[in-house]
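Working notes, structure below.
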Amino acid sequence: VDNAATPPPVWLDELNLDPRQRVVAGFGTQVVQSQQEQLMASAWEQAGEIERANQRLRQEQLSLAINAVLHVKHFSRLSEDALLQVAAPAQARVVWADPPSNNTPNKPMSLQQRIADAVVPSQAVAGATRRLMRPRGAISRRVAVRGGQRTGGLVTKLNIPSTTSLPSGSQLGGFVTINKISESIPSLAQVVRSENATEQAMRAAAPSPLFQVVNEGEAMPLRVFVGVDSAAAKLFREAAATHQAKLNPIGISIFKPRPQLQLSTLKTTLLQRLDPAMTIKLRVRAVIQTTADQTSQADPLNTILAAPDFPQPMYEALRDLSQELLLPGLERVLPNTVTLLETNDKFVESFLVGLNTEMARELLWRGFPTDQRGTCFRRFWDAPQPDIESIHKWGAKALGQNAVGAGPQKKVVLLIRGELLSRYPNAVIYAAKAVINAGKREPGPVELHPIFRGTLQPDVVFLGFNLTVTDAVANPGWFFIIQEQPTEPRFGFDVGTDFGARTHVSMALPPPASVTLPPNAVWRRNAAHMAYITRQQPVRIAIHATQMIP
Numbered sequence: 032v033d034n035a036a037t038p039p040p041v042w043l044d045e046l047n048l049d050p051r052q053r054v055v056a057g058f059g060t061q062v063v064q065s066q067q068e069q070l071m072a073s074a075w076e077q078a079g080e081i082e083r084a085n086q087r088l089r090q091e092q093l094s095l096a097i098n099a100v101l102h103v104k105h106f107s108r109l110s111e112d113a114l115l116q117v118a119a120p121a122q123a124r125v126v127w128a129d130p131p132s133n134n135t136p137n138k139p140m141s142l143q144q145r146i147a148d149a150v151v152p153s154q155a156v157a158g159a160t161r162r163l164m165r166p167r168g169a170i171s172r173r174v175a176v177r178g179g180q181r182t183g184g185l186v187t188k189l190n191i192p193s194t195t196s197l198p199s200g201s202q203l204g205g206f207v208t209i210n211k212i213s214e215s216i217p218s219l220a221q222v223v224r225s226e227n228a229t230e231q232a233m234r235a236a237a238p239s240p241l242f243q244v245v246n247e248g249e250a251m252p253l254r255v256f257v258g259v260d261s262a263a264a265k266l267f268r269e270a271a272a273t274h275q276a277k278l279n280p281i282g283i284s285i286f287k288p289r290p291q292l293q294l295s296t297l298k299t300t301l302l303q304r305l306d307p308a309m310t311i312k313l314r315v316r317a318v319i320q321t322t323a324d325q326t327s328q329a330d331p332l333n334t335i336l337a338a339p340d341f342p343q344p345m346y347e348a349l350r351d352l353s354q355e356l357l358l359p360g361l362e363r364v365l366p367n368t369v370t371l372l373e374t375n376d377k378f379v380e381s382f383l384v385g386l387n388t389e390m391a392r393e394l395l396w397r398g399f400p401t402d403q404r405g406t407c408f409r410r411f412w413d414a415p416q417p418d419i420e421s422i423h424k425w426g427a428k429a430l431g432q433n434a435v436g437a438g439p440q441k442k443v444v445l446l447i448r449g450e451l452l453s454r455y456p457n458a459v460i461y462a463a464k465a466v467i468n469a470g471k472r473e474p475g476p477v478e479l480h481p482i483f484r485g486t487l488q489p490d491v492v493f494l495g496f497n498l499t500v501t502d503a504v505a506n507p508g509w510f511f512i513i514q515e516q517p518t519e520p521r522f523g524f525d526v527g528t529d530f531g532a533r534t535h536v537s538m539a540l541p542p543p544a545s546v547t548l549p550p551n552a553v554w555r556r557n558a559a560h561m562a563y564i565t566r567q568q569p570v571r572i573a574i575h576a577t578q579m580i581p
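Numbering (our numbering), first residue to last: 32 to 581.
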């Protein structure tokens with residue numbers, strides 16, 4: 032460890048200082064060295080898509096380095112007019128949102144739509160206009176030859192409210208007086224615009240209880256009925272609503288002046304939206320799909336580092352190296368024997384650490400895109416769930432305490448040696464929790480099935496259960512049951528049935544004396560009755576753990 036102030040994890044200390052664990056880790060190193068070509072072929076097969084993605088990421092890194100310089104050196108120095116014209120091809124893809132008004136956020140839109148709604152004509156920032164008015168273009172050269180002066184800032188000049196120019200050659204009428212200003216104030220007819228007088232607006236107007244059609248010079252009544260139209264008001268409202276569509280058939284509306292563009296704000300926002308550090312990364316995230324952890328924790332332009340996964344149970348590789356390494360003293364187990372063993376989690380974890388360490392070195396040597404943190408081998412037993420957590424997540428735990436899940440660390444293993452499973456390969460094997468019945472232990476309804484299974488040559492089968500030895504031999508403890516497969520019936524007579532000198536039973540003779548016919552069965556009536564008579568009931572053997580572990 033480089034930093035002496037930080038002590039190494041407990042498991043690493045134990046693995047380095049305990050010779051027993053170092054030797055076991057060395058077995059893992061031997062396995063990888065003996066199978067390195069097959070393992071690397073599988074690793075490269077898994078990394079095919081990763082290598083293509085990394086090549087794309089390296090190209091994007093180069094693109095970012097070049098475009099970042101161009102962005103600072105050229106784009107950021109352009110004026111507002113020039114930047115809008117240069118960025119014209121991207122206007123439809125740049126999202127724009129005006130600052131909120133009255134604490135209400137404005138609806139986002141494209142920059143192209145924002146310019147279309149503004150006072151500046153859209154063609155002023157189009158690419159054709161920019162090419163037409165470029166400083167070294169044909170038109171600019173002609174203007175210079177004829178003694179003209181080219182002026183820039185087209186967008187700035189057009190970004191003003193709509194005005195009316197004086198006709199050419201017109202004469203001023205003189206000084207403006209207050210009276211002339213008063214005379215120019217719009218009349219009531221100009222204030223009450225026709226486009227506001229719609230049928231819906233008239234029907235929705237508030238009731239007018241004082242409305243009455245009177246002759247000129249007559250006084251208005253003083254009585255008020257709140258919230259109710261007068262009779263004249265009701266008739267007038269209906270008539271106005273009925274005839275309004277004819278008074279304004281084309282729905283003429285007022286011309287609303289277009290808003291100006293905030294060019295300084297627009298330039299700042301546009302530079303941010305076009306920043307290669309943002310645009311290129313967004314494109315990479317859209318093209319290359321990564322996991323949530325990679326997206327949130329790393330720069331999307333970093334090359335992808337991954338570790339291959341080898342899901343095969345590695346006890347097989349250790350068994351092929353030597354069965355004595357997996358189960359020392361196997362030769363002392365007698366034929367036709369059933370016994371209980373216990374897993375050694377420290378052995379399993381040490382072996383897997385040796386496998387992963389040597390595999391990481393091999394991946395680095397072969398140039399595989401990995402950061403060497405990946406745990407390639409996580410399965411020792413042939414189980415659906417990995418046996419260990421990823422090694423970089425072990426933290427300060429001790430060796431033997433890094434199993435996946437909440438099961439016991441040392442699991443019970445049922446070892447069967449003999450021809451039993453060769454003759455009945457589909458036998459059902461499970462554990463049943465014992466119950467006390469009349470002072471005796473019997474298999475109860477609670478069952479526990481094996482979590483892994485393995486074989487050793489020539490006739491050994493072992494099965495692991497999510498139990499500890501302490502639980503198995505407790506009171507009442509657990510039974511281990513071996514039973515015939517119920518769906519595979521067998522037919523015949525019991526062993527020891529006396530058939531005399533005959534090798535085949537004649538149907539004309541009565542059944543042997545030692546054969547008891549089941550209820551309602553008739554000897555030699557038909558094939559169904561004979562199958563019923565000769566069908567053998569499935570056999571089940573229940574052995575309590577205390578019979579195998581004193």
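From the three backbone atoms N, C-alpha and C, an ideal C-beta is built for every residue, glycine too. All values derive from a computational prediction rather than experimental measurement.
- Collapsing the DSSP output to three states places residue 496 in a strand.
- DSSP lists 492 as the beta-bridge partner residues of residue 486.
- The Cβ atoms of residue 115 and residue 156 sit closer than 7 angstroms to each other.
- DSSP lists no bridge partner for residue 332.
- Between the C-alpha atoms of residue 572 and residue 512 there is a straight-line separation of about 6 angstroms.
- Per DSSP, reduced to three states, the secondary structure at residue 373 is strand.
- Listed in chain order, the non-local C-beta contacts of residue 111 below 6 angstroms within the same chain comprise 294 and 298, local neighbours out to five positions each way being set aside.
- Taking a cut-off of 8 angstroms for Cβ pairs, the stretch 65-82 and the stretch 384-404 touch, as three or more such pairs fall below it.
- By the Cβ criterion, the stretch 305-313 is in contact with the stretch 89-97, since at least three pairs of Cβ atoms, one from each stretch, lie closer than 8 angstroms.
- About 5 angstroms separates the beta carbons of residue 509 and residue 462, which is inside the 8 angstroms limit, making them a contact pair.
- Membership of residue 82 in the alpha helix (DSSP H) is indicated by the continuous run 79-104.
- Residue 566 carries a strand assignment under DSSP once its states are collapsed to helix, strand and coil.
- Setting aside the 5 residues that flank it on each side, residue 350 is surrounded in the same chain by 357, each with a C-beta closer than 6 angstroms to its C-beta; the list follows chain order.
- In the three-state reduction of the DSSP assignment, residue 161 falls in the helix class.
- According to the DSSP secondary-structure assignment, residue 140 is paired through a beta bridge with 127.
- Excluding the 5 residues flanking it on each side, residue 149 has same chain C-beta neighbours closer than 8 angstroms at 190, 289, 290, 291 and 292, in chain order.
- For the options 457, 517 and 49, the alpha carbon positioned closest to that of residue 566 is the one of 517.
- Of the candidates 90, 301 and 429, the residue whose Cα lies closest to the Cα of residue 311 is 90.
- The shortest C-alpha to C-alpha distance from residue 504 to any of 113, 76, 371 and 139 is the one to 371.
- Put simply, of 302, 578 and 520 the residue whose alpha carbon is nearest the alpha carbon of residue 457 is 520.
- When DSSP states are grouped into helix, strand and coil, residue 346 belongs to the helix group.
- Straight-line spacing of the CA atoms in residue 418 and residue 435 works out to 6 angstroms.
- Distance between residue 502 and residue 465, taken at the CA atoms: about 11 angstroms.
- Around the Cβ of residue 344, a 10 Å sphere holds 16 or more other Cβ atoms; the residue is buried.
- Nearest to residue 415 by C-alpha distance, out of 483, 187, 185 and 578, is 483.
- At a Cβ-Cβ threshold of 7 angstroms, residue 500 and residue 380 do not count as neighbours.
- Sorting 48, 88, 423 and 495 by C-alpha distance to the C-alpha of residue 447 places 495 at the top.
- Under DSSP, residue 575 takes part in a beta bridge, and its partners are 510.
- The three-state reading of DSSP puts residue 478 in strand, counting E and B together.
- About 4 angstroms separates the beta carbons of residue 74 and residue 339, which is inside the 8 angstroms limit, making them a contact pair.
- Under the three-state reduction of DSSP, residue 521 is assigned to strand.
- By the Cβ neighbour-count rule, residue 454 is exposed, with fewer than 16 other Cβ atoms within 10 Å of its own.
- Judged by beta-carbon spacing, residue 492 lies within the 7 angstroms limit of residue 452, meaning their Cβ atoms are closer than that value.
- Contact check for residue 389 and residue 59: beta-carbon distance about 6 angstroms, within the 8 angstroms limit, so the pair qualifies.
- According to the DSSP assignment, residue 465 belongs to the beta strand (DSSP E) that extends over 459-468.
- Residue 64 and residue 562 have their C-alpha atoms some 58 angstroms from each other.
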